[in-house]
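Here the working numbering is used: the first residue of the sequence shown is 220, the next is one more, and so on. Okay, structure first, notes after.
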Amino acid sequence: MASYTTGVSDVGIESNIPALAWGPVIGGAIAASAITLILLLLGSGVGLTMVSPWSGESASFTTVSVTAAIWFVIVQWLSSALGGYLTGRLRTKWAGVHTDEVFFRDTAHGFMSWALATVVVAGLAGSAFTSLVGSGVQAASSVAATATVGATAAAAGSDEAPDLATGYFTDLLLRPQDAATRAQSGDAAATAEVSRILMQGAAKGEVPEADRAYIATIVASRAGIPQEEARTRVDQVLRQIEDAKNAALQAADDARKSAATVALLGALSLLIGAFIASAAAALGGRQRDDDEAALVVKA
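Take a look at the structure:
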């Protein structure tokens, strides 16, 4: 009996079944998010054991930062691998689809699962993640502002910043010729004036020679010591102020570098996590198809 064909080719006919299966994607993303939160809580608990308010009993800032960054990488990779693998194993078999297309769809499903899990975790733990990335920047800005006393008032937006500059220049205009008499007659006024000079010097980065000599005269009169000894004391105090300022700036720079390292490492970890999720989904999908094919053969 003769057989007939309709003459209609399968080429160009598009399936009405979408290539993206949201069920496995959502399931893998939920699993990855749960594992991420559990591991983050575990890491936080272990990390708190490394920090102590008692001197000499706490790990260094560098050790804690490096350990936290490494743990974040481990969490990202483990959760991505689990979420991607579950996504690949949970999807249904695509019949009549080329092997290369199946591989692409599996990797795409793994990537979508990773992306959804990343968004969910960022939404649930956004404040903690933002604090981790921005802690170094915040520390750098606060320490730098503290190091420069005049800049602190300006950054705070208070009315004391213009008063500081105005008070300093007013003192400069009204500075008496006999500083010793001024120091003996008005202790509070002399103390306030010296404070304004030091704050102005911290804001500008240096104390002029005239101000140094003036402070030395007040110190000699108030402390009852020779002028030379008073000048030596003033120079020592100014060096201590400069050393403290440099130490604060160094701490700010270290915090900035640490924050930059954590941010770069976090971005790299996320990219590698996306790759791991895609590869794990392809592996899970292949194992699912192989197991189903083996069952068909046995049947």
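Glycine residues also receive a C-beta, built at the ideal position from the N, C-alpha and C atoms.
Euclidean distance between Cα positions of residue i and residue j
i, j, result
"A442", "S414", "16 Å"
"T255", "A407", "60 Å"
"T311", "E320", "14 Å"
"A486", "I495", "14 Å"
"D430", "I460", "15 Å"
"E425", "L260", "48 Å"
"R458", "D472", "21 Å"
"S440", "T451", "14 Å"
"A498", "A287", "26 Å"
"V453", "T282", "39 Å"
"V339", "S332", "11 Å"
"S477", "L489", "18 Å"
"A482", "I416", "41 Å"
"D212", "Q469", "Residue 212 lies beyond the residue range present for the chain, which begins at 220 and ends at 518; the question has no answer from this structure."
"W313", "H328", "13 Å"
"F322", "A466", "56 Å"
"V285", "A479", "12 Å"
"I491", "Q295", "9 Å"
"M418", "A432", "16 Å"
"F330", "A253", "17 Å"
"R503", "T318", "Checking the sequence shown, residue 503 turns out to be Gly, not Arg. If I take the Cα positions, the gap works out to 14 Å."
"I289", "G262", "10 Å"
"R475", "D462", "20 Å"
Nearest-angstrom beta carbon gap, residue j and residue i [assumed within contact, 8 Å]
i, j, result
"T337", "G246", "Contact flag wrong, Cβ pair sits at about 16 Å."
"S298", "L343", "Rounded, the Cβ-Cβ distance is 13 Å, inconsistent with contact."
"R308", "A238", "The Cβ separation is near 18 Å, so there is no contact."
"L484", "V292", "7 Å"
Residue environment, residue i, which counts as buried when at least 16 other CB atoms sit within 10 Å
i, result
"V316", "exposed"
"A435", "buried"
"P445", "exposed"
"E428", "exposed"
"W241", "exposed"
"Q506", "exposed"
"E511", "exposed"
"G264", "exposed"
"A513", "exposed"
"E447", "exposed"
"A341", "exposed"
"Y304", "buried"
"A411", "exposed"
Within 8 Å, strictly: CB atoms of residue i and residue j
i, j, result
"A449", "V438", "yes"
"A501", "T326", "yes"
"A248", "L301", "no"
"K464", "A422", "no"
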